[in-house]
Amino acid sequence: MMTIYINFAELPSWLMLAPLKNLCAEVQVDLAWKPMLSSLGNVAGSNLKPGADDPLAIYKARRADARHKASKRENERMCGMLGIKPGQGERKVNPLYLSLGMAWLTNQGAELRQYLSYVETAFLKTFRDGADVESLSSLKVVLEESGFRTAGLDYFVENEAPDLEAAGEEIMDSGVFNAPAFVVDGEIFHGREHLPLIQWMLAGKQGLPPV
Numbered sequence: 003m004m005t006i007y008i009n010f011a012e013l014p015s016w017l018m019l020a021p022l023k024n025l026c027a028e029v030q031v032d033l034a035w036k037p038m039l040s041s042l043g044n045v046a047g048s049n050l051k052p053g054a055d056d057p058l059a060i061y062k063a064r065r066a067d068a069r070h071k072a073s074k075r076e077n078e079r080m081c082g083m084l085g086i087k088p089g090q091g092e093r094k095v096n097p098l099y100l101s102l103g104m105a106w107l108t109n110q111g112a113e114l115r116q117y118l119s120y121v122e123t124a125f126l127k128t129f130r131d132g133a134d135v136e137s138l139s140s141l142k143v144v145l146e147e148s149g150f151r152t153a154g155l156d157y158f159v160e161n162e163a164p165d166l167e168a169a170g171e172e173i174m175d176s177g178v179f180n181a182p183a184f185v186v187d188g189e190i191f192h193g194r195e196h197l198p199l200i201q202w203m204l205a206g207k208q209g210l211p212p213v
């Protein structure tokens, strides 16, 4: 069993999809999908009293500028890998409804191919097409285009859907801070770069582990 944590508002989760498909083609594994509404970013604190001068203000400004430039370069790199423009990759959305869609798939006992189709369609709609993905009607479009049923979705969202914000706090408490993340045998892996190692583990740990 492998648990996958995914954030529909972030490119790294989209980039995870291709290597995940390769892994699933090579090893038999049951997957549990968990959506995340947010990731734990850099949190800066301060002990300064209100109105006090910050002696590190210039340093902090330089660091902030460096982080911004690095983030821009990383966005350009990821967009190049995904075949979209940097401006498309910078889009900010609330992933709530797409996350509810994943909860719906789980509720309905979706198969692996249906999960993969839904996830890919969701990311294409969000970043390539710039479509609405922040409403119930838009969720239905994503589900329909990925070939999954929507009958009963309204009732599910209104009455049975899990509290994703509360679930997000539990996820953070468990040690999963960013998406994509993977949990195998109780061990947490952050980032798609760990998928080759995870595949080696799932295949029985034969031979030397990949570097």
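Its first residue numbered 3, the sequence shown is counted upward by one per residue in this note's numbering. Ideal Cβ positions, reconstructed from N, Cα and C, are used throughout, including at glycine.
N-terminal and C-terminal residue of the alpha helix (DSSP H) that L100 is part of: The residue given as residue 100 occupies position 98 in the sequence shown. L100 -> alpha helix (DSSP H) spans L98 to N109.
Per-residue burial, Y157 [other beta carbons within 10 Å of its own, 16 or more giving buried]: As a first step, residue 157 must be located in the sequence shown, where it is residue number 155. The residue is exposed, with fewer than 16 neighbouring Cβ atoms inside 10 Å.
Validate contact between the region 136-151 and the region 110-126 using beta carbons, cut 8 Å, 3 pairs: yes
Under 8 Å between C-beta atoms of Y7 and V143: Walking along the sequence shown from the start, residue 7 turns up at place 5. Walking along the sequence shown from the start, residue 143 turns up at place 141. Not in contact: Y7 and V143 (Cβ atoms no closer than 8 Å).
Minimum C-alpha distance to F125 - residue among R64, R93 and A112: Stepping through the sequence shown from its first residue, residue 125 is reached at position 123. Selected option, being the one with the closest Cα: R93.
7 Å Cβ shell around H196 - same chain, five flanking residues per side excluded: Indexing the sequence shown from 1 puts residue 196 at position 194. Once the five neighbours on either side are set aside, the close Cβ partners of H196 are F184.
For L245, the nearest candidate out of G193, E189, H192 and P212 (CA to CA): Outside the displayed range of the chain (3 to 213) lies residue 245, so it cannot be described from this structure.
For Q201 and L25, the rounded distance between their alpha carbons: In the sequence shown, residue 25 corresponds to position 23, counting from 1. In the sequence shown, residue 201 corresponds to position 199, counting from 1. Those two C-alpha atoms are separated by around 6 Å.
Rounded C-alpha distance that separates A46 from G170: The sequence position of residue 46 within the sequence shown is 44, counting from 1. The sequence position of residue 170 within the sequence shown is 168, counting from 1. Model confidence at A46 stands at a pLDDT of 43, short of 50, so the residue's coordinates are unreliable and nothing is read from them.
Any chain E beta carbon closer than 8 Å to D134: No chain E is present in this structure, which holds just one protein chain.
The region 17-33 / the region 86-100 touching (three or more Cβ pairs under 8 Å): no
Exposure label - R65; buried when at least 16 CB within 10 Å: Looking up residue 65 in the sequence shown gives position 63. Looking at its Cβ environment, which holds fewer than 16 other Cβ atoms inside 10 Å, R65 is exposed.
Residues of its chain near E136, where Cβ-Cβ distance is below 8 Å and the 5 sequence neighbours each way are ignored: Position 134 of the sequence shown, counted from the start, is the residue given in the question as residue 136. Answer for E136: V95, N96, L98 and Y99, listed in chain order.
Residue from D131, E122, D175 and P88 whose Cα sits closest to the Cα of P21: Here the question's residue 21 lines up with position 19 in the sequence shown. Minimum Cα distance to P21 is reached at E122.
Assigned secondary structure, P198 (DSSP; H/G/I helix, E/B strand, else coil): On the sequence shown, residue 198 is found 196 positions in, with the first residue counted as 1. Correct three-state label for P198: helix.
Euclidean distance between Cα positions of G89 and G132: As a first step, residue 89 must be located in the sequence shown, where it is residue number 87. As a first step, residue 132 must be located in the sequence shown, where it is residue number 130. If you take the alpha carbons of G89 and G132, they lie about 10 Å apart.
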